[in-house]
Amino acid sequence: MEILVCVKRVPDTAENEFTINADGSDIDRDDLVYSVNEWDNYAVEEAIQIVDRVGGKVTVVAVGDEDSEEVLRREMAMGANDGLLLADPAFADSDGRGIATILKGAVEKGTYDLILTGAQSDSGAGQVGGMLAAMLDIPYASLVDSIEVVDDQSLKIGREIEGGNREMNSIQLPCLLSIQTGINEPRYVGIRGIRKVASVEIPVLGSAELGIGGAAVGSAGARVKRLDYFVPVLGAGAEMLEGSTEEIVDKLIELLKAKGGLK
Amino acid sequence: MEPALIAPAHYTVLGIPTLLFSLLIPLVGVGVFAFIMNRRVAPLLKAAPDSRFDDIAGRLANVVKIWLGQWRQPRYMTAGVLHILIFFGFLALAVHTTSLVFVGIFAGFSIPGLGGGFGHLYMIVKDYAATVVLLACIVAAVRRGILRPERYAVPAKYGQDHTAEAVFVLALISLLMITDSLFEASSVAAQVQLGQQGEYLAPGTLAWLLKNLLLDTPRETLQTLHIAGYYIHDLTFFFFLCFLPMGKHFHVITSLFNVYFMRTEKGNVKPVRYGISDEQLDDLDTFGVKKLEDFTWKHLLDFYTCADCGRCSDQCPARTVGRPLSPRFISIKGRDLLFRNYPLRGEAPAAEALIGTVYEEDEIWSCTTCGACEEECPIGIEYIDKIVDLRRGMVDEGMVPQSLQKPLKAMEKRGNPWGKMEKKRGDWAAAAGCEVKVVADGDSAEVLYFVDSFTSYDDRMQGIAQATARVLTAAGVDFAILGKEEKDSGHEVRRFGEEMLFQDLKKHNSEMIGEAAVQAIVTADPHAFNALRHDYPGLPKVEHISQLVVRMVRAGRLSLLPIDDPDKVYTYHDPCYLGRHNGIYDDPREAMDALEGIKRVEMEKSRDRSFCCGGGGLMLFYEPEEEERMAVLRVKMAAEAGATVIVVACPFCLANMEDAIKVAGLEGKMEAVDLVELIDRHLAPQP
Amino acid sequence: MARIFAYITHKGGVADDTALELAAAAAQIADGTAVTAVVTGSGAELEAVCAAVAAAYPEVWKVESPALAYPNAEVVRKALVQLLPAGSVLLLPHDTFGMDLGPGLAIKMDAAFVADVVAVAAVEGTTLKLIRQEFSGQLSTHVSCDIAAGAVLNIRPGVCKPMADGAAAGQIVDKSGELGDLSAGRQFLEVVAAEVGDVDITKSDVLLSVGRGIEDEENIEMAVELAEAMGADLACSRPIVDAKWLEKSRQVGTSGLTVKPKVYLAMGISGSFQHLGGVKGSPFMVAVNKNPKAPIFQFADVGIVADILELMPELTKKIKSA
């Protein structure tokens with residue numbers, strides 16, 4: 013099975029405390045470190061496991077500047093066979109539709125039976141996968157937490173839905189799935205692994221190679237634009253308890269008692 | 010003097026001279042033994058290289074002390090004494106047994122030098138030795154077969170019980186002792202019957218007893234017993250010889266070599282591959298141990314050598330709290346695989362990955378590398394390097410628990426396991442209440458205080474950093490920290506098998522330390538201490554803060570107040586990487602005793618038998634399944650010793666102990682404090 | 042202004058809470074224009090939902106087909122593309138169904154798409170100014186959306202105050218006849234129900250819920266003790282279940298269970314919408330978090346900036362001694 017996995021380089025948010033730059037147009041990126049979007053990492057692991065089971069090849073693709081090569085290499089060190097970087101100054105400030113358009117160009121240059129994306133990334137939209145599938149006119153399912161290859165025509169997949177329930181579907185190949193965390197346990201990639209693929213060539217394709225017109229992507233093609241960043245207003249409803257731990261605990265117990273939180 | 014009985018060399022049975030057996034049994038025995046040994050040696054030749062040919066004097070000293078001197082045996086008194094009796098009995102009997110083989114060929118043979126008066130003396134010693142060995146075997150058999158100490162039990166997941174093999178071998182040894190004595194006693198009894206002056210048999214020995222029992226036995230029967238005793242002994246001896254390499258009694262042969270080749274340095278970790286420098290690591294196709302032959306030949310020899318005594322596992326904190334690790338079975342499973350993959354006859358099964366078949370991932374991650382097992386092993390078997398090598402293999406294959414992947418990645422990106430910002434690494438200094446110079450800010454100093462990640466970033470452990478800074482200031486030490494240019498020492502990164510990441514951290518820190526141009530390094534974290542001391546070559550002298558405190562107190566440069574709470578009872582918990590791995594047991598105790606009026610008690614398990622707190626570094630991020638936390642057990646041990654304060658000298662110990670006090674419900678009754686915090690609290694006001 | 046539609050999700054013949062929330066959100070955008078509800082499904086359940094929704098929407102499109110009996114996003118997308126006029130604005134709930142449907146539908150309608158809208162800030166002609174969140178809710182952003190050619194807007198459940206019921210006596214229009222081919226490459230097979238644990242947290246009045254702030258599996262015990270002392274049931278956020286520290290049946294959130302307690306004590310939970318999406322019924326919420334910027338403080342009634350690992354044992358001790 014030929015599998016394409018779309019990955020994105022995102023700021024590592026676990027311990028980073030964000031600050032917003034002076035004009036509010038972006039976050040302060042000086043002290044940030046980046047890594048592959050967590051969901052995408054699960055998608056790559058899933059692709060590798062599928063290929064381990066049924067054979068085939070995994071290609072990872074990213075839209076971004078040359079910095080994104082690092083995440084492609086990390087995923088290749090995991091076991092993806094090929095990398096593909098889609099980079100062009102014209103791609104900057106694309107909205108979700110723009111990114112999907114760029115990816116579509118790359119998909120059409122190959123033949124893939126299965127395309128995977130992460131269920132969401134740092135922007136929390138979870139949109140590119142569904143858009144790309146619709147552009148390619150192939151079936152789509154989001155939030156996928158299990159994949160079983162039935163035959164070379166179809167998969168049986170599970171989707172995570174509300175209430176901890178799971179929705180099982182049969183889906184025709186080729187198709188596009190967005191992968192939820194927890195579907196597998198991604199393998200570790202050490203420095204050694206990355207160095208092993210350090211010299212593997214990663215082709216870079218721009219708008220000309222992908223045959224993408226300027227109006228479809230980038231800022232010009234974006235119908236949705238981020239205007240600024242701001243820190244959410246805090247404590248809208250929360251009365252903040254302050255004082256020594258003892259005082260806080262006393263106040264809290266009093267409140268809990270009043271609201272029936274203690275039995 | 011005519012012999013009272015016909016010697017085996019001259020005897021015939023059914024017309025066949027028994028001389029034939031005297032020749033055949035040793036020939037066949039030695040032949041079979043050579044064949045078996047040849048098969049046993051085969052994997053050692055295919056194994057990874059090892060570097061064990063240095064330090065001949067030190068190695069011989071180990072042989073004299075640990076092998077010949079049985080130095081570690083009495084750590085388990087009953088079993089140890091029994092073993093010492095059997096061991097020395099065997100040594101005493103070895104000469105006689107060898108000469109007996111020739112006696113079957115040349116009647117009256119005696120080893121040169123053992124013919125005359127000295128020979129008689131030797132025979133007396135030998136007879137007592139045989140008697141003692143027999144008695145020891147009987148006691149040992151009762152112990153193993155009937156009393157069955159828990160230490161020897163084989164949990165179901167590790168297969169069959171090993172008692173039968175142990176008792177069988179004890180029976181073989183007993184048979185050797187009895188037949189040896191019978192051979193001799195029958196001859197002497199016959200001599201006495203003929204009125205000859207028989208060979209002197211020391212009273213109370215088995216041979217003496219048998220002789221007295223046989224005095225009235227007819228000559229023909231004595232002759233039969235004499236011949237039967239000889240050949241049963243001969244057969245048993247060669248059977249035993251060939252049986253040794255089939256199981257745990259292989260140690261009778263291999264332990265001498267294993268002790269000679271045992272590790273001579275502590276605290277260090279073996280290189281990925283001997284003969285490959287750090288710079289050449291990138292050229293290696295594979296890392297660590299993935300299949301059996303990836304172990305070094307010494308590590309395979311370890312497997313052969315394991316005597317299944319269970320002392321390692323008895324001391325292992327991971328096994329004690331029910332983690333899926335028991336060092337004894339690391340060896341036994343390794344040995345069984347060696348036997349299986351290198352069978353005496355027939356095709357070997359195809360080599361397969363060790364993880365998932367012989368060893369489990371959780372098993373290998375469960376080790377805290379505390380070193381209790383290696384400290385205990387009476388015959389120099391190593392575990393830490395094997396565990397690290399297996400982890401290297403797993404890391405190379407991407408088999409790393411999710412909970413460890415995040416801190417490793419953060420370490421790669423930011424030099425600390427939480428991914429906290431580099432610029433905040435030295436933030437603790439602001440609240441130290443004394444000047445803390447920062448190399449990254451252009452300061453210079455004589456001494457570098459290497460803080461390491463946990464002490465730098467953890468809210469609670471920053472107290473250790475601040476106390477250290479104040480103690481150094483009080484002692485008049487001109488010190489600085491690296492600040493944002495310090496990265497994690499990588500101590501656990503290396504011991505968790507991520508060698509390349511460790512190399513990066515080491516390279517960075519070494520450069521920074523080099524640029525700081527200091528004359529000495531001090532740290533309050535034993536893990537950093539161990540790393541800088543053993544994993545970083547070419548650094549200035551590294552000291553743990555407890556050593557520095559003692560030095561300063563002795564020199565009169567640090568004056569301390571009497572203990573502020575004389576009613577409390579203090580006990581010192583030896584951190585693994587200060588104690589066992591670096592032999593620093595006395596300095597921290599001396600530092601505590603420098604506080605006038607302190608009440609200090611020892612826990613039963615202390616010094617080189619200290620019980621690990623649960624592990625530091627990356628172990629904080631790994632949650633193996635366990636029945637109880639190590640630190641909870643440790644806190645209870647402190648309570649049993651009558652202590653109300655556990656003094657540690659390691660931030661990880663402190664974190665684990667403080668946690669455990671809560672879990673054990675001992676809040677208010679027990680507290681934990683770091684040694685440097687205790688010293689800091691008692692600094693005499695500066696004049 | 043183009044026609045505005047709200048897609049109504051429903052289950053067991055009952056419209057989802059978002060039906061009224063979308064009505065409210067749509068009203069903000071519509072600026073007086075009538076908003077149409079679209080309900081797809083089949084049989085008696087569909088009838089019941091349409092009738093109920095008509096109380097809040099002036100017009101309800103009933104779309105019936107056996108193929109729509111289960112809301113398979115791929116099938117629903119086909120139906121909506123066939124029915125909605127060009128340039129329409131469609132509102133969807135940003136739940137696991139809306140996330141499945143929205144992006145692809147926007148492409149097929151050639152409309153703009155905005156995911157996970159938490160508020161409508163302004164309407165300026167055919168440009169909407171919306172508020173979203175990024176980095177797991179740590180930062181908010183304003184986004185502009187050009188709806189001239191239509192739009193699909195996924196509205197986060199729970200953020201819009203539901204439209205008062207009964208305001209409209211809507212007309213139900215059966216659009217089923219306009220449906221064409223609904224075949225799709227993805228077939229729904231079945232729903233596998235969540236495993237039920239030893240405690241049914243959906244029925245608990247008092248919940249003590251722990252999140253990432255618990256740091257370590259060993260510390261779960263601390264929370265268990267506090268819950269016992271309080272007489273509360275223990276719940277958690279997704280990372281705790283992902284780490285296998287607590288069973289799935291204790292997970293609150295859109296991918297876990299929906300709870301309706303009277304008191305909700307959130308310990309070390311940052312407050313992602315996926316988590317808060319599982320807390321219904323406006324409980325008295327207390328949030329404890331080390332990070333003063335944690336989004337949970339926006340939603341809680343009482344907030345405490347503290348390390349739960351220090352606060353919880355103290356609280357337990359005090360409650361026990363009281």
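Protein chains in written order, with the working numbering: chain A, 13 to 275; chain B, 10 to 696; chain C, 42 to 363. Note that beta-carbon positions come from the ideal geometry of N, C-alpha and C, so glycine has one too. These figures come from a predicted structure and were not determined experimentally.
- Boundaries for S335 (chain B): no alpha helix (DSSP H) harbours it, and the DSSP string shows neither H nor E there.
- If you check each beta-carbon in the stretch 138–154 of chain C against every beta-carbon of chain A, the ones closer than 9 Å belong to F138, M140, D141, L142, G143, P144, G145, L146, A147, I148, K149, A152, A153, F154.
- A Cβ-Cβ distance of about 15 Å is found for the pair D189 (chain B) and I34 (chain B), leaving them out of contact under the 8 Å criterion.
- By the Cβ rule, the stretch 248–257 of chain A does not count as touching the stretch 129–146 of chain A, because fewer than three pairs are nearer than 8 Å.
- The alpha-carbon of I281 (chain C) is positioned some 22 Å away from that of D467 (chain B).
- Bounds of the alpha helix (DSSP H) holding E81 (chain A) are 81–90.
- Against chain A, the CB of R349 (chain B) has no partner CB under 9 Å away; the residue lies outside that interface.
- S375 (chain B) counts as buried, since at least 16 other C-beta atoms from the protein chains shown sit within 10 angstroms of its C-beta.
- Those residues of the stretch 248–268 of chain A placed with their C-beta closer than 9 Å to a C-beta in chain C are A248, G249, A250, E251, M252, L253, E254, T257, E258, I260, V261, D262, K263, L264, I265, L267, L268, ordered along the chain.
- Proximity of the stretch 649–662 of chain B to the stretch 615–628 of chain B meets the contact definition, three or more beta-carbon pairs being nearer than 8 Å.
- Taking a contact as a CB-CB distance under 8 Å, the pair Q139 (chain A) and A156 (chain C) counts as one, their CB atoms being some 5 Å apart.
- With respect to L250 (chain B), L301 (chain B) sits apart: the two C-beta atoms are not nearer than 9 Å.
- Contact of K671 (chain B) with chain C by beta-carbon distance below 8 Å involves M263, P354.
- Along the stretch 206–235 of chain C, going in chain order, the ones with a CB nearer than 8 Å to a CB of chain A are A225, G226, R227, Q228, F229, L230, E231, V232, V233, A234, A235.
- Nearest neighbour of E78 (chain A) by Cα position, chosen from A:D262, A:V70, A:P215, turns out to be A:P215.
- Here C186 (chain C) is bridged, per DSSP, to A:V236, C:L169.
- When DSSP reads this structure, T71 (chain A) sits in a beta bridge with A:L16, A:D94.
- Per DSSP, the beta-bridge partners of D274 (chain C) are C:L248.
- Closest by C-alpha distance to N71 (chain B), out of B:P387, B:A540, B:M639, B:P584, is B:P387.
- In this structure C443 (chain B) is exposed. Its beta-carbon is surrounded by fewer than 16 other beta-carbon atoms within 10 angstroms.
- Interface criterion met: the Cβ of S412 (chain B) is under 9 Å from a Cβ in chain C.
- Partner residues in the beta bridge of W102 (chain C), as assigned by DSSP, are C:V79, C:V214.
- As DSSP reads the structure, R178 (chain A) sits in a beta bridge with A:E172, C:V233.
- M90 (chain A) belongs to the set of residues whose beta carbon lies under 9 Å from a beta carbon in chain B.
- With respect to the C-alpha of M521 (chain B), the residue from B:M509, B:K496, B:P535 having the closest C-alpha is B:K496.
- In the pairwise beta carbon analysis, the stretch 183–197 of chain C is classified as touching the stretch 120–137 of chain C: at least three pairs are separated by under 8 Å.
- Contact of V200 (chain C) with chain A by beta-carbon distance below 9 Å is absent, the smallest such distance being about 12 Å.
- The residue from A:I224, A:L128, A:E266, A:L185 with its alpha-carbon nearest to that of C18 (chain A) is A:L128.
- For F488 (chain B), the enclosing beta strand (DSSP E) starts and ends at 488–490.
- In the DSSP assignment, A47 (chain C) falls within the beta strand (DSSP E) that extends over 45–48.
- Counting along the chain, R609 (chain B) sits inside the beta strand (DSSP E) bounded by residues 608–610.
- Looking at the DSSP output, D394 (chain B) shares a beta bridge with no other residue.
- Here T31 (chain A) has I39, D40 as same chain residues with Cβ atoms under 8 Å from its own Cβ, once five neighbours each way along the sequence are excluded.
- Fewer than three pairs of CB atoms, one per stretch, sit closer than 8 Å, so the stretch 181–189 of chain C makes no contact with the stretch 116–125 of chain C.
- Pairing A74 (chain A) with V119 (chain A), the inter-Cα distance amounts to about 12 Å.
- Rounded to the nearest angstrom, the gap between the Cα atoms of A110 (chain C) and G82 (chain C) is 5 Å.
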